[in-house]
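In what follows, a structure is listed as structure tokens, so that the remarks can point back to it.
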Amino acid sequence: MRAKNGKYVWKSPSTVGKWTYGRNYAGVIWGEDLINGINPGFLKLDASHGATSADGGTFEGVRTTLHSGTVTVPELGMRQAGMTFGAEEEGGSWHGPITWKLWVGPDNLPRRFHAIMRFTTEGGEADTMTMNIIYRGWGKPLKITAPPKHLITDEW
201 MRAKNGKYVW
211 KSPSTVGKWT
221 YGRNYAGVIW
231 GEDLINGINP
241 GFLKLDASHG
251 ATSADGGTFE
261 GVRTTLHSGT
271 VTVPELGMRQ
281 AGMTFGAEEE
291 GGSWHGPITW
301 KLWVGPDNLP
311 RRFHAIMRFT
321 TEGGEADTMT
331 MNIIYRGWGK
341 PLKITAPPKH
351 LITDEW
């Protein structure tokens, strides 16, 4: 999670050890300002703006609860890690509503996240972006294959 002081924290797995802190030098870092169904910062913002819950039906064979709502933010932006929001106006060029839906299984793990963001400029022009994220494979091993050596560089 990227903090406002420019540091980021991580812990893996979540039940072991203390939080570790480091300096945020990369734009790809996960942050508390990302629009995402597993980001505590975004979920806290949503919960504070009248989210509703209902039967979400079945998604990929799992019964779900559907949480949904709309929150209008004074700042919308992007960086390599994804789309971002700001709860306070900081001089950005976009703002607008985020209409979101989050399907959660009986184990309290998210299964799907859907958001529609309306990026409005100060001049009133607007663009719309739709985001759809599917979460699956909870508790299963993850295999990451490194890219070929000729594609790896440490140059900036």
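Start counting the sequence shown at 201; every next residue gets the next number (our numbering). Even glycine gets a Cβ: it sits at the ideal position worked out from N, Cα and C. Since the structure is predicted, the reported quantities are computational estimates derived from the model, not experimental observations.
Verify the CB distance criterion: does Met283 have a CB-CB separation below 9 Å to chain C? Checking the listed chains, one finds no chain C in this structure; it contains a single protein chain.
Taking 6 Å as the limit between beta carbons, can you name the residues of its chain near Gly327, skipping five residues before and five after? According to the sequence shown, residue 327 is Asp rather than Gly. Excluding positions up to five away in sequence, the list reads Phe319.
Assigned exposure category for Leu351 - 16 Cβ within 10 Å defines buried: Under this definition Leu351 is an exposed residue.
Taking Ala346 as part of the alpha helix (DSSP H), name the residues at either end of that continuous run. Under the DSSP assignment, Ala346 falls outside any alpha helix (DSSP H); it carries neither an H nor an E label.
9 Å Cβ cutoff met for His295 and Leu266: Not in contact: His295 and Leu266 (Cβ atoms no closer than 9 Å).
Using a Cβ-Cβ cut-off of 7 Å (strictly less than) and excluding sequence neighbours within five positions of Ala226, which residues of its own chain qualify? Interpretation of Ala226 is limited by its pLDDT of 46, a score under 50 that renders its predicted location unreliable; the figure taken from the coordinates is listed afterwards. Nothing meets the Cβ criterion.
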